[in-house]
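Each remark here refers to the structure printed beneath this line.
In this note's numbering, the protein residues as written are 2 to 387.
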């Protein structure tokens, strides 16, 4: 569907009556479904009768969501007549990666456009970026604040960060916790997406009671992934063998030059698993760089290592809302040898939560009870839209 027809649909939307108990989650890119969308949908569908809601996913024509065990009964092709009508008559639309997840801009008039966000706000995005930076020049002309009036966040600090990124009103932000972090506290498989359950079982079978080290580098606008040379691959393998571990390499889906060393002790997450949260939930040590994944992992009370082989160029490229060194709770290393030493310091010792660790956990997480999805659902239904 071209831009002209999308704008026509946006105009028609103004005149269509909305069903306040009808919720739509547009998701054209399957890579954006896992995480917050998946967990919140699972909660809403399990509780739709008690909440008195209808819930629909609107996706592209070839989406795996049309065949997925958890989603297929409540998923429609967005650009069909039925899909467009579902979107236009929904009184609540949930967004997750900005306001154009469905590629059709919808204003908040007579509807609740609610942004659950991709993650906890840590990096500068949108309106928090330096207006002279290349990153700012590359962002979409469409701003989240124009289309998404309401947001859910993880903590009071996260709410202020949300204001900085989107220039939204603090009164329109709900502090609920983010949906995917419920996994760390849920013991009932009925409340989990089936793909998450499958991932956890698969990883446990692969690990065979060995410790799990997760390496999760983030996407970069310029440059690419760290490439392990042969000597480094051998050193890493020896460490894994000597300490009874496996190494899960989970590069961001858009990360360039991602080369996985070939080894039976090193597992490519991207080709074996669906949802990073499932792997995170049973990880023993996390290695990351600038991804906010470490903020989620704070809830596990386990070691976190920062591997920043390109810290100078990355900081110049994007920037953070916080002083990274002040809030990052673990050791930060800049080369492979230092990374191996940091792993040796953490692998076979009882983890001690430092003051910095406890401080970071407190400012980024208000809730640790596994009820984030419940709070978001209650927030959605509590809003009195004009």
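The C-beta atom is built at its ideal place from N, Cα and C for all residues, glycine as well.
Around residue 163, the same chain offers 122, 152, 154 and 174 as residues with beta carbons nearer than 6 Å, after the five sequence neighbours per side are excluded. Taken in chain order, the complete beta strand (DSSP E) segments of 3 residues or longer contained in the stretch 287-371 are 305-308 and 332-334.
Taking 9 Å as the cut-off, the Cβ atoms of residue 88 and residue 94 count as close. Per DSSP, residue 229 is not a residue of any alpha helix (DSSP H), being assigned neither H nor E.
Residue pairing of residue 269 in beta bridges, as defined by DSSP: 250. Per DSSP, the continuous alpha helix (DSSP H) segment holding residue 84 begins and ends at 82-90. Nearest Cα to residue 15 within the set 112, 53, 54 and 190: 112. Around the CB of residue 304, 16 or more other CB atoms lie within 10 Å, so the residue is classed as buried. When secondary structure is reduced to three states using DSSP, residue 216 falls in the strand class. Residue 264 places its beta carbon 9 Å or farther from that of residue 233. Between residue 36 and the set 274, 290 and 330, the nearest pair of CA atoms involves 274.
Using a 10 angstroms sphere on the CB of residue 86, the tally of other CB atoms stays under 16, which defines it as exposed.
Checking the DSSP bridge columns, you'll see residue 94 partnered with 25 and 114. Comparing alpha-carbon positions, the option among 322, 199, 98 and 328 lying closest to residue 295 turns out to be 328.
For the set 360, 378 and 382, the Cα lying nearest the Cα of residue 156 is the one of 360. 28 is the residue among 51, 117, 28 and 141 whose C-alpha sits nearest the C-alpha of residue 75.
With 16 or more other Cβ atoms inside 10 Å of its own Cβ, residue 84 counts as buried. Residue 180 is classed as buried because its beta carbon has at least 16 other beta carbons within 10 Å across all chains shown. Using a Cβ distance threshold of 9 Å, residue 183 and residue 372 count as a contacting pair.
Runs of the alpha helix (DSSP H) lying entirely within the stretch 107-151, each at least 4 residues long, are 135-139 and 145-148 in chain order. The DSSP-derived three-state label of residue 186 is coil.
For residue 193, the secondary structure class from DSSP, reduced to helix, strand or coil, is coil. A direct Cα-Cα distance of roughly 40 Å separates residue 252 from residue 19.
By alpha-carbon distance to residue 375, the top candidate from 48, 189, 34 and 6 is 48.
Judged by DSSP in its simplified three-state form, residue 57 adopts strand. DSSP places residue 42 inside the alpha helix (DSSP H), whose first and last residues are 37-47. Within the same chain, Cβ atoms closer than 8 Å to the Cβ of residue 299 are found at 305, 330, 358, 361, 362, 365 and 366, the five residues on either side in sequence being excluded. The beta carbon of residue 198 is closer than 7 Å to those of 190 in its chain, skipping five residues each way along the sequence. Boundaries of the alpha helix (DSSP H) around residue 278: 277-281. Residue 138 and residue 287 have their alpha carbons spaced roughly 33 Å apart.
Under the 10 Å beta carbon count, residue 53 is surrounded by fewer than 16 other beta carbons and is classified as exposed. Residue 128 sits away from residue 96, with the two beta carbons spaced by 9 Å or more. Residue nearest to residue 23 within the set 50, 9, 40 and 354 is 50 (criterion: CA-CA distance).
Per the DSSP secondary-structure output, residue 201 pairs with nothing in a beta bridge.
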